[in-house]
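K.L.:
Sequences listed follow chains A and B, in order. Using the numbering used here, the first residue of the first sequence is number 697, and each one after it goes up by one. Using the numbering used here, the first residue of the second sequence is number 697, and each one after it goes up by one.
There are 2 protein chains.
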Amino acid sequence: MGETKHRTLTDALKAEILSNKYAASRAIPSETQLSRKFRVSRTTVRKALDALHHEGWIRSVRGRGTFVTRQGAARKIGLVVPGVSYSEFFPPIVDEISRLTRDSGYTLLLGNAVDRRPEARARQTISFVRDFAAEGVAGVVYQPIEMIADAEKANRAALSVLDAAEIPVVIIDSDFTKSPHRSGYDVVGIDNVAAGMSAAGHLMSLGVTKIHFQSRPLCSASVNDRRSGVIAAMSSSGALARTFRDFKAEPDDIAALKAHLKRWRPEAFVCGNDTAAVKLKISLEKLGFRVPDDIRLVGFDDVKYAKIVTPQLTTVHQPCEKIAEVSFRRLLSRIADPSLPPCTITLPADLVVRVSSGQPMSRRKKL
Amino acid sequence: MGETKHRTLTDALKAEILSNKYAASRAIPSETQLSRKFRVSRTTVRKALDALHHEGWIRSVRGRGTFVTRQGAARKIGLVVPGVSYSEFFPPIVDEISRLTRDSGYTLLLGNAVDRRPEARARQTISFVRDFAAEGVAGVVYQPIEMIADAEKANRAALSVLDAAEIPVVIIDSDFTKSPHRSGYDVVGIDNVAAGMSAAGHLMSLGVTKIHFQSRPLCSASVNDRRSGVIAAMSSSGALARTFRDFKAEPDDIAALKAHLKRWRPEAFVCGNDTAAVKLKISLEKLGFRVPDDIRLVGFDDVKYAKIVTPQLTTVHQPCEKIAEVSFRRLLSRIADPSLPPCTITLPADLVVRVSSGQPMSRRKKL
DNA sequence: AACGAGCACTTGTCACTACAACTTTTTCGT
DNA sequence: ACGAAAAAGTTGTAGTGACAAGTGCTCGTT
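1) Which residues of chain B have a Cβ atom closer than 7 Å to the Cβ of His750 of chain A, listed in chain order?
2) Which complete alpha helix (DSSP H) runs does the region 774-802 of chain B hold, if anything under 4 residues is left out?
3) Do you know whose CA, among B:Asn969, B:Arg1050, B:Met1057, B:Pro1038, lies nearest Phe785 of chain B's CA?
4) Taking the beta carbon of Glu963 of chain A as the centre, do at least 16 other beta carbons fall within 10 Å, making it buried, or is it exposed?
5) Helix, strand or coil: which one does DSSP assign to Ser911 of chain B?
6) Any beta carbon of chain A sitting closer than 8 Å to that of Arg878 of chain B?
7) Between the Cα of Gly807 of chain A and the Cα atoms of A:Asp799, A:Thr797, A:Pro1015, A:Val790, which residue gives the shortest distance?
8) Report the neighbours of Ala747 of chain A on chain B: residues whose CB is nearer than 9 Å to its CB, in chain order.
9) Say whether the region 890-900 of chain A touches the region 848-866 of chain A, bearing in mind that this needs 3 or more beta-carbon pairs closer than 8 Å, one atom from each stretch.
10) Please state whether the Cβ-Cβ distance between Val1012 of chain B and Ala895 of chain B is less than 8 Å.
11) Distance, Cα to Cα, Gly657 of chain B vs Asp990 of chain A?
12) Could you name the residues of chain A that Ala928 of chain B contacts, counting a contact when the two beta carbons are closer than 7 Å?
13) State the DSSP-derived secondary structure class of Ala964 of chain A, mapped to helix, strand or coil.
14) Compute the Euclidean distance between the alpha carbons of Arg1060 of chain B and Val987 of chain B, then round it to the nearest angstrom.
15) From this set, A:Lys743, A:Pro1038, A:Glu1021, A:Gly1054, which residue's C-alpha is nearest Ser800 of chain A's C-alpha?
16) Specify, as a first and last residue, the run of the beta strand (DSSP E) that Gly995 of chain B falls within.
17) Could you tell me which of A:Cys1039, A:Leu1009, A:Lys1000, A:Glu1017 sits nearest to Arg1050 of chain A, measuring between CA atoms?
18) Report the three-state DSSP secondary structure of His877 of chain A (helix, strand or coil).
19) Please classify Val904 of chain A as buried or exposed, where buried requires at least 16 neighbouring CB atoms within 10 angstroms.
20) Is Phe965 of chain A near the ligand MG, in the sense that its beta carbon is under 7 Å from a heavy atom of that ligand?
21) Apart from the five residues on each side of it in sequence, which residues of its chain come closer than 7 Å, Cβ to Cβ, to Leu1036 of chain A?
22) How is Asp746 of chain A classed by DSSP in three states: helix, strand or coil?
23) Between the region 992-1008 of chain B and chain A, which residues of the former have CB atoms less than 8 Å from a CB of the latter, in chain order?
24) In chain order, which beta strand (DSSP E) runs of at least 3 residues are fully inside the region 836-871 of chain B?
25) Within 8 Å, do at least three Cβ pairs link the region 899-913 of chain B to the region 898-913 of chain A?
26) Using C-beta distances below 8 Å, list every residue in its chain close to Leu855 of chain A, excluding the 5 sequence neighbours before and after it, in chain order.
27) For a contact defined as C-beta to C-beta under 9 Å, what are the partners of Pro1037 of chain A on chain B?
28) Around the Cβ of Met1057 of chain B, are there at least 16 other Cβ atoms within 10 angstroms (buried) or fewer (exposed)?
29) Beta-carbon separation of Phe943 of chain A and Phe965 of chain A under 8 Å?
30) Verify the CB distance criterion: does Asp871 of chain B have a CB-CB separation below 8 Å to chain A?
31) Taking Cβ positions only, does Arg1040 of chain A come closer than 8 Å to chain B?
32) What first and last residue would you give for the alpha helix (DSSP H) that runs through Gly925 of chain B?
33) Take Ala708 of chain A and list the residues in its own chain whose beta-carbon comes closer than 8 Å to its own, dropping the five residues that flank it on each side.
34) Going by alpha carbons, who is nearest to Arg766 of chain B out of B:Glu751, B:Asp949, B:Gln1014, B:Asp869?
35) Near Ile868 of chain B, which residues of its chain fall below 8 Å by C-beta distance, leaving aside the five closest residues on each side in sequence?
36) Taking C-alpha atoms, which residue in A:Thr706, A:Ser924, A:Ala955 lies nearest to Tyr940 of chain A?
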């Protein structure tokens, strides 16, 4: 089969549309004009146009002409991430979304805020979003701004620009509003509450009772949900609920850690994420505590170095590629039908048991 | 435009395919035969076949002929619900899914287990599922069996029949496994943890501290998640977590209720669902407690009579139509691409504040 | 100046023809 | 009797021609 006339014509027209040759308000050349220009019959032209119509690039009106649709004109997708290099969560997501956009005939615009200071990243994010709206992207995959004082306000400000231009948005990782509130956008990520329950449930099954949760002062909604999951798991076994404590501090704040350990004597820390868990391990060792013999640790995300550090980190795996795939598909669906009800899509997050969570209590006592 | 020749031919062929006129292994009549039979040109026949091909009913092989696809042959959807009449949750879902299946050219097979005894409903469900598999349905929307001792095992048994036949399944309402575990199927429902947080958060904002959670001894995973949400919300304001108590009993178990009230003196009950809340209200009144003056109540689901009973019930609204719509769309997606990763889709569930949750504490004390 | 008829142009539908690419069946030569 | 070639059938591609249905503009009449 290979290259047929109508197929080459389809591709040629796609390329012309992508290069903004045709304004959205004006009609593209008529079927007879196209048949003359490309030296094919009108039948062939119609077959090519049918294909484009089916893929949502154009729409035709009898008597008036054929027009490029909004989606067709702006076959670009924006991806907003606050600093690819600052987390191991994003590189695979960027890779996967790049692949998917290319496969679907879209162009990817990457807005990667790279400033070290979170406030500057917030400002950068807003300027990216403005650019995307000006470029007329068909949709945006958005990772919320975190680690600043009024994160929700900053995210609202950025997304209101896209709302004004009626550009669909899918949020990845987790919503920027604190549970149980919702932002009203689609969200794709893992079930952080369930992840927290898995982490705590594992420790409890080992016989651990005094489980504390470490999180940084300005933490994201996902970390809050993980904390909720830990509490929910512990309270499901009655009395255990009373042994929960928060350790809300930077993981390398040695003084705060020392005071916390002395006062509450935790048996295990569940940390907001793997990065914090590794830092906390270093802090604990500085204070003379060994992991997992004296204090057990569990993290979240399953970053690359989680199985390289000593001891290997027990953590909850974050399926980045699948999150990217699902969020992109969802964005395409929403571009096709903006009236879809906003929903949260969560993917399974499996606990990966390694060394840092330790052995069962009874066995340890025997040694 | 109206009825064109190719459109009537498309519909005629669809009807013929639906009536099992053509075996999947044999080719349907050739284009020239169809053009003679329907007295139209081959151009028109091809246009009709193109449409059917695009909708996934048929596939053609050059030189051999045109064949009905698996999906085309089995354009039936199964809907399994354990007793439409026993809950206000299901009638709107059945209505909506009936409408959507019709609109999409599918036939709906309804498996409605109607026995009063839950164990009998479980057996009925399995026989429905067998019938569906024998009929060769393209997919099943499944509401898990509840209220029996080993519900998870029963659900697994029913769904394994569909797995063996490689029939896609979407579960509505909530998974049949206890959090944080997942069954591995798609799930469409509300975020029950967030709903529980909303309910408790509302009571806390009124100044209530002693919030208890009522649930029946054999409750579903969704009720467990709601309970987790209540606990999570209460523990986020520190000391409050210690005032939580479970009241795990039938809502019309007066003796148990009396003992619970005397021992713990709750200020409010969050109930597993609206039905239980209304029953609990009656029990409370029998014991001389008024709602909301002595005890506040919050339910879940926002059933029809929630705003008819006295006092009107504060509850969390369950968006049944949207759940039906989203689950059906998801099933179609999964039929089209069975390799999609299984995910949980949750929709927003808004708190509806009415009378049963009472006034703010301070104002009440003034009166 | 306002209005309407007509004209030029658009897309949508339909028919017929021709051939290419491929598969299955039949026929014919060995 | 067997195998290869031919024939007959299938879908896929491409062209031509015709008319229907709808839009927008022009020109001429009132």
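Cβ coordinates follow ideal geometry from the N, Cα and C atoms, glycine included.
P.N.:
Reading from the atomic positions:
1) His750
2) 786-799
3) B:Asn969
4) buried
5) strand
6) It does: the Cβ of Arg878 of chain B has a partner Cβ on chain A nearer than 8 Å.
7) A:Val790
8) Simply none; closest approach about 10 Å.
9) no
10) In this structure, Ala895 of chain B lies closer than 8 Å to Val1012 of chain B by Cβ.
11) Past the edges of chain B, shown from 697 to 1063, lies residue 657 of chain B, and the structure says nothing about it.
12) Near Ala928 of chain B (Cβ distances below 7 Å), the residues of chain A are Ser924, Ile927, Ala928.
13) strand
14) Low per-residue confidence applies at Arg1060 of chain B: pLDDT is 47, beneath 50, and the placement is therefore not dependable enough to give any value.
15) A:Glu1021
16) 992-997
17) A:Leu1009
18) coil
19) buried
20) As presented, the structure is devoid of all ligands, the ligand MG included, so that no description of it is given.
21) Residues Ser1029, Arg1030 of the same chain have their beta carbon placed closer than 7 Å to that of Leu1036 of chain A, with the five preceding and five following residues left out of the count.
22) DSSP places Asp746 of chain A in the helix class (H, G or I) of the three-state scheme.
23) none
24) 865-868
25) no
26) Val825, Tyr838, Val865, Ser879, Tyr881
27) Pro1015, Lys1018, Glu1021, Val1022, Leu1043, Pro1044
28) Result: exposed.
29) Inclusion of Phe943 of chain A and Phe965 of chain A in the CB contact set at 8 Å is warranted, their separation being smaller than that value.
30) no
31) Reading the sequence as shown, one finds Thr at residue 1040 of chain A and not Arg. Yes, because at least one Cβ of chain B sits closer than 8 Å to the Cβ of Thr1040 of chain A.
32) 917-931
33) Phe734
34) B:Glu751
35) Ile789, Val837, Tyr838, Gln839, Val883, Val884, Gly885, Ile1019, Ala1020, Ser1023
36) For the sequence presented, residue 940 of chain A should be read as Phe rather than Tyr. Of A:Thr706, A:Ser924, A:Ala955, the residue nearest in Cα terms is A:Ser924.
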